[in-house]
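Enquirer:
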Amino acid sequence: MKKLVFAFLTVVAILLLVLAVVPFFFKDKIFDMLDREFAASVNAQVYYDRNEVGLTVFQNFPYLTASMGDFGVKGNPPFQNDTLIHVSSLHVDVDVWSVLFEENPRLKGMHLEDGQLTIRVLEDGQANYLIAMEEDAVEQPAPAASFFQMGIDLIDVKNVDLIYDDRSLDYLMALSGIDLQGSGDLTLDVYDLQLKGTMDVVNVTYEGVEYLSDKFLTLDSKINVDLENMRFSAENALLKLNEFGFGIDGFLAMPEESIEMDMVFSGQNNDFKSILSLVPGIYSDSFSALTSSGSMDFKGAVRGVYSETSFPGFDFALTVNDGMFQYPDLPRPVQHVNLDLKVANATGDLDRTSVDLSRFSLEFGNQPVVGHFQLKDLLRYEMDAGLKGNLDLAELTSIFPMEGLELRGKLFLDVKAAGRYDSIAGEIPQLAADFTFEEGYVKSDNYPAPIEGIHFRANAENTSGRMRDLLVNVSTFGFELEGESVSGRLMLEDLEAMRYDFSLRGAADLAKLASVFPLENTLLEGKVRAAIDAKGSYEAIEANRFAALETSGELQVLDFYYADETYPQGIRINEALGDFSPESIRLTKFDARFGESPLEATGALANYMGYLFGAAGQALRGNLDLYSSSFNVNEWMTASENTEEDSSSLQVVPLPTDVDFTMRVKADRIRYDNLSLTDASGALRLADGVLRLDGFTTRALGGSLAFDGTYDPRDLIHPSFAMELDIGGMGIQEAFQSFTTIKTFAPIAQHVAGTFATKFAFSGLLGQDMLPVLSSLDGNGQIAVSETAVNESPLIKGIANLTPLKDAAALRLKPLDIRVDINDGMLQVAPFELQLWNYAANVQGSTGFDGRMNYLVTVAVPADTFGPQVTGLVGGLVGTDLSGTTIPLAITLGGTYGRPEISLASSESLESYVSNAIKQQLSGGKATAKENIAAEFKAREDSLRQEVKEKAAVARDSVEQEASRLVEETKEKAANEVKNLLRGFTNRKKTTGEENPDPE
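Under this note's numbering, the first residue of the sequence shown carries the number 35, and numbering increases by one thereafter.
#1: CB-CB under 6 Å to Ala653, same chain, minus the five flanking residues each way: which ones, in chain order?
#2: Among Gly587, Val354 and Ala459, which one has its Cα closest to the Cα of Gly612?
#3: With a threshold of 16 other CB atoms inside 10 Å of the CB of Leu203, please say whether the residue is buried or exposed.
#4: Can you tell me which of the three DSSP states Tyr163 falls into?
#5: My parser needs the alpha helix (DSSP H) runs of 4 or more residues fully inside the region 800–847; what are they?
#6: Measure the Cβ-Cβ separation of Leu229 and Gly216 and say whether it is below 8 Å.
#7: Would you give the residue range spanned by the beta strand (DSSP E) that Ala542 belongs to?
#8: Tell me, please, which residues DSSP counts as bridged to Glu867.
#9: Give me the Cα-Cα distance between Glu669 and Gly218, rounded to the nearest whole angstrom.
#10: For Asn708 and Asp190, I'd like the C-alpha separation in whole angstroms.
#11: Helix, strand or coil, according to DSSP, for Gly460 in the structure here?
#12: Which whole-angstrom value is the C-beta distance of Pro463 and Gly499, which I expect to be below 8 Å?
#13: With the cut-off set at 8 Å, would you say Gly474 and Gly443 are in Cβ contact?
#14: Can you find the residues in the same chain that come closer than 7 Å, C-beta to C-beta, to Phe278, ignoring five residues on each side of it along the sequence?
#15: Can you list, in chain order, the residues of its chain whose CB lies under 6 Å from that of Gln590, leaving out five sequence neighbours each side?
#16: In the structure shown, what three-state DSSP assignment does Ser571 receive?
#17: Assuming Leu505 is part of the alpha helix (DSSP H), what are its boundary residues?
#18: Starting from the N-terminal side, write out each stretch of the beta strand (DSSP E) that is 3 residues or longer and does not extend beyond the region 729–802.
#19: Given this structure, state the Cα-to-Cα distance separating Phe594 from Leu445, to the nearest angstrom.
#20: Might you give, ordered along the chain, the residues of its own chain that have their beta carbon closer than 6 Å to the beta carbon of Ala714, omitting 5 neighbours on each side?
#21: Give the straight-line distance between the Cα atoms of Leu214 and His120, rounded to the nearest whole angstrom.
#22: Looking at the unbroken alpha helix (DSSP H) that takes in Ser308, where does it start and where does it end?
#23: By how many angstroms is the C-alpha of Ala844 removed from the C-alpha of Ile830?
#24: Say whether the region 806–815 touches the region 778–798, bearing in mind that this needs 3 or more beta-carbon pairs closer than 8 Å, one atom from each stretch.
#25: In the DSSP assignment, what residue or residues form a beta bridge with Pro402?
#26: Contact between the region 557–576 and the region 521–532 is defined here as three or more beta-carbon pairs at a separation below 8 Å; is this criterion met?
#27: My assumption, with CB atoms under 8 Å, is that Ser322 sits in contact with Phe306. Please give the rounded CB distance.
#28: What is the DSSP secondary structure of Lys422, reduced to helix, strand or coil?
#29: Apart from the five residues just before and just after Leu427, which ones in its own chain have a Cβ nearer than 6 Å to its Cβ?
#30: With H, G and I counted as helix, E and B as strand and the rest as coil, what does DSSP make of Met887?
#31: Look up Gln174 in the DSSP assignment and say whether it is helix, strand or coil.
#32: At the level of alpha carbons, what is the spacing between Arg698 and Arg748?
#33: The beta strand (DSSP E) spanning Leu286 covers which residue range?
#34: Name the one or two DSSP bridge partners that Gln302 has.
#35: What are the residues that DSSP puts in a beta bridge with His489?
#36: Going by other Cβ atoms of all chains shown within 10 Å of its Cβ, with 16 needed for buried, is Met887 buried or exposed?
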């Protein structure tokens, strides 16, 4: 018996050992097949790390389980910046038998955990999920059969986020924390897919309208999938939004471009509390403790075809009878809630949609609110509506939890509207409305004093149904806080002429208001005083009859301070004073500090009425005078999103085309990047979307700087600039440290001590960081260099090492006058004369935006400089005295400044070069030698110019692609905001709280 047990245990041990080691024997085979499968069938970048891949038969025996960490799929252009899917953990179950003995391994299950799926469709219909390799894109004459058969018994998804961003439909859906289990035989054309799971619905928006947000979805359904006919059917599918459950029966089919549907919706096991769970603010951690009663019923249907020309018909009905809910520990309920709502469209024409809210009533404690609303269609907008109620805000605090907030006040409203709305015919419903709020009081625990005396009294009347007979009269509104009050009135009449009469008086302490109504991560202080009266009509504004308008008043801001997470440096306004008239708004005083920079200003805005309310195309005109004793631009540069670099950068800013504004600037000191400018002054003119700089002068880097220029961002993909510079007495090394163009085109400046002056005009494109695109530069100018010293330059060292001119790394140069041109990012230096040590020399050449250079230096060197060995050899050969003979020594400078390639213009040794040069001179061949050197130099110059031109074209294309990407990113703002919302929703990354910015 012991032997039998021992034998059995031995067999089990061997089997376990075999099962443990089999995966390692076949690991490479499986990976190779997987890589081939991806390459043959997926037009995208699939990434995973083989070192983080595991294989085991124990996890889901008898299946082989392959596991991957950080698996993902990244798109190809135009989705190269999108990750279609990324999961922290991916497990795939494979049939062991098929791996060992069959040609095609069979997948039996898939498990995804912790990840995100991003589906994006562009406006032109391109989709990032269409990554299946097209047949004509596969190199093989016939597409290879897939290695895997997808008979999946189980799909298991845990904690995955989904973003569906379809710009062709203007549709956005964001789901978070998806936990989903499903199964089905995906190898069949027709199969049943069983799905069960939960997820958070973060946002669903269509054509700018938000339909769902912050809801919890549960689903349990079986979907019949017919791939051949693209038909998806559901029977008794159950879904729940928060606690609101409903069933779906029917089908959705996509045989071609259109979508056919026939679906019936019905409520499932719902009561009044179920629909309460859909109300924002009520569905919270305390929802389960909410007491409720009452019945609720929901049903609906959608039938028809959705296409570019048609819409399915639909009808929905919601009924609530005698609903009630009450929060725990609060004495009063909301009760007697009754609602009967029907939304229907039998034709499929959205304009024929009708809304019938025939019954609506509820009581806040014992205070009733009753209403109704009927809309016949969306063509004539015939409606009948009413709402009436009384509400004591003090009673609300006994119904709804409002910790730290005390409310009082009595609200009365009575609204009746009936008739037709037609803006073309000038018709509106007949209207009678009264709205009164009195004895308002708000007290927050965050501030000891209340806002009190809150009042608002308004009525609206129209008995004829014509727009011109409407009268809206807000006879009074206002509030008081610690002795400071705000009050006003407003009257509007005649919707066609839009006559108005408005008055505002009072003062408000912003810090006190912010204490009562806190703003998250924001610091707000200051006092605002206003006395403004305005009377006129929109009709007069459209006709530019501004003399018919009456506008007067004054606005004062004192001790204002604002700071938040975006602007932690803060903005402080010590005092600002402005007055109003129909023609203009004048800023008579402005004393402020932007971060650490003091700023004073005065100015005016004209035609503001026409700009704000008039016909399109009217320009806002204005002027502003600014003065700062010291302004730090670096504080306001846009922070880079590159987390690997602690830097800041500017970004291309579009400018309005309907603003004509002139700003005169004077600053004693300006800090911009690593530049310090003093005595700066000039004017900026914004007109037609272009910013022009006129007459700017300043002192910087030890010299003077004057410039005129333009900044033109009208084409955001190709923003351009033009500049005319007049520089005098500026330090050469300081300019090298401060200007990118000098670092690129004149790197020798870092080793030159002295000053220079120039008048230079250049233009080109700007990158998205607002720096010049060097490959696009064109320009020309004259550069005057004072007496200078060149020290430790690799060029001078190279020439000294190559020739016997002088064994020194230092050189003093007399004043030079150099003509330069820039074409397509290549700087060309016209020939100029200089003294190279004690020798007359001529220099010409070019430097590309990529740093490569090609220069020819010709030095007139006495023959005896080369020593007796060379001169004796030549003299013996020709029998001539060489004293007084000059050799034109030609030297080429190539490579880059940091790694120069310095050589004689010919490939000869120095001795051979000098000997041949002397022979040619004495034999009359001097001109031929110069011609040969010039021809070789021109050939190199032409070659470099062509290479730089081609490289410049590539660089400009790269800049354009980056610009297009950034412009596209601005369109993705909503989607990115949803992504940030997802991160906060899932709360996976904990962040430490930051203190509010210090006002000082």
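Note that beta-carbon positions come from the ideal geometry of N, C-alpha and C, so glycine has one too.
From a predicted model like this one, the values you see are computed outputs, not experimental measurements.
Expert: Put simply:
#1: Within the sequence shown, residue 653 is the residue found at index 619, counting from 1. Asp692 and Asp694, listed in sequence order.
#2: Within the sequence shown, residue 612 is the residue found at index 578, counting from 1. It is Gly587 whose Cα lies nearest to the Cα of Gly612.
#3: The sequence position of residue 203 within the sequence shown is 169, counting from 1. With fewer than 16 other Cβ atoms within 10 Å, it is exposed.
#4: Within the sequence shown, numbered from 1, the residue matching residue 163 stands at position 129. Looking at Tyr163 - three-state DSSP - the assignment turns out to be coil, as it is neither helix nor strand.
#5: 828–836
#6: Sequence index remark: in the sequence shown, residue 229 carries index 195 (1-based). Sequence index remark: in the sequence shown, residue 216 carries index 182 (1-based). Contact flag set, yes.
#7: Residue mapping note: residue 542 aligns to position 508 of the sequence shown, counting from 1. Element bounds for Ala542: Arg533 to Asp543.
#8: Counting from 1 along the sequence shown, the entry for residue 867 is found at position 833. Note: Glu867 sits in a beta bridge opposite Asn876.
#9: Within the sequence shown, residue 669 is the residue found at index 635, counting from 1. Within the sequence shown, residue 218 is the residue found at index 184, counting from 1. Between Glu669 and Gly218, the C-alpha separation is close to 59 Å.
#10: The residue given as residue 708 occupies position 674 in the sequence shown. The residue given as residue 190 occupies position 156 in the sequence shown. The alpha-carbon atoms of Asn708 and Asp190 are separated by roughly 56 Å.
#11: As a first step, residue 460 is located in the sequence shown; it is residue number 426 there, counting from the start. Three-state result, Gly460: coil.
#12: Against the sequence shown, residue 463 aligns to sequence position 429. Against the sequence shown, residue 499 aligns to sequence position 465. Sure, about 7 Å apart at Cβ, within 8 Å.
#13: One-based indexing of the sequence shown puts residue 474 at position 440. One-based indexing of the sequence shown puts residue 443 at position 409. Result yes, Cβ atoms of Gly474 and Gly443 sit closer than 8 Å.
#14: As a first step, residue 278 is located in the sequence shown; it is residue number 244 there, counting from the start. Correct list, in chain order: Asn304, Ser308, Ile309, Ser311 and Leu312.
#15: Taking the sequence shown and counting its residues from 1, one reaches residue 590 at position 556. Around Gln590: Arg563 and Leu611.
#16: What you label residue 571 is simply residue 537 of the sequence shown in a count that begins at 1. Three-state DSSP puts Ser571 in a strand.
#17: As a first step, residue 505 must be located in the sequence shown, where it is residue number 471. First-last for Leu505: Leu505 to Leu515, but that is the beta strand (DSSP E), not the alpha helix (DSSP H).
#18: 737–746, 754–765 and 789–799
#19: Your numbering for residue 594 matches position 560 in the sequence shown. Your numbering for residue 445 matches position 411 in the sequence shown. Approximately 34 Å between the Cα atoms of the pair.
#20: The residue given as residue 714 occupies position 680 in the sequence shown. For Ala714, where only same-chain residues beyond five positions count, the Cβ hits under 6 Å are Ala701, Ile704 and Thr732.
#21: Counted from its first residue, the sequence shown places residue 214 at position 180. Counted from its first residue, the sequence shown places residue 120 at position 86. Between Leu214 and His120, the C-alpha separation is close to 17 Å.
#22: If you number the sequence shown from 1, residue 308 lands on position 274. Element bounds for Ser308: Phe306 to Leu310.
#23: Position 796 of the sequence shown, counted from the start, is the residue given in the question as residue 830. Position 810 of the sequence shown, counted from the start, is the residue given in the question as residue 844. Straight-line Cα distance between these residues: approximately 7 Å.
#24: yes
#25: Translated into positions along the sequence shown, residue 402 becomes position 368. Beta-bridge pairing links Pro402 to Glu397.
#26: yes
#27: On the sequence shown, residue 322 is found 288 positions in, with the first residue counted as 1. On the sequence shown, residue 306 is found 272 positions in, with the first residue counted as 1. Not quite, the Cβ-Cβ distance comes to about 15 Å (not below 8 Å), so this is no contact.
#28: By one-based count along the sequence shown, residue 422 stands at place 388. Note: Lys422 maps to strand in three-state DSSP.
#29: Working through the sequence shown from its first residue, we reach residue 427 at position 393. So the list reads Leu441, Arg442 and Gly443, once near-sequence residues are dropped.
#30: By one-based count along the sequence shown, residue 887 stands at place 853. Strand at Met887.
#31: Working through the sequence shown from its first residue, we reach residue 174 at position 140. Interpretation of Gln174 is limited by its pLDDT of 46, a score under 50 that renders its predicted location unreliable; the figure taken from the coordinates is listed afterwards. DSSP places Gln174 in coil when its eight states are reduced to three.
#32: The residue labelled residue 698 in the question sits at position 664 within the sequence shown. The residue labelled residue 748 in the question sits at position 714 within the sequence shown. Distance between the alpha carbons of Arg698 and Arg748 is about 23 Å.
#33: Taking the sequence shown and counting its residues from 1, the one referred to as residue 286 is at position 252. Segment Phe278 to Ala287, the beta strand (DSSP E) holding Leu286.
#34: Here residue 302 is taken as the residue at index 268 of the sequence shown, counted from 1. Looking at the DSSP assignment, Gln302 forms no beta bridge with any residue, so it has no partner.
#35: Residue numbering aside, residue 489 sits at position 455 when the sequence shown is read from its first letter. Gly512.
#36: Working through the sequence shown from its first residue, we reach residue 887 at position 853. Buried is the call here.
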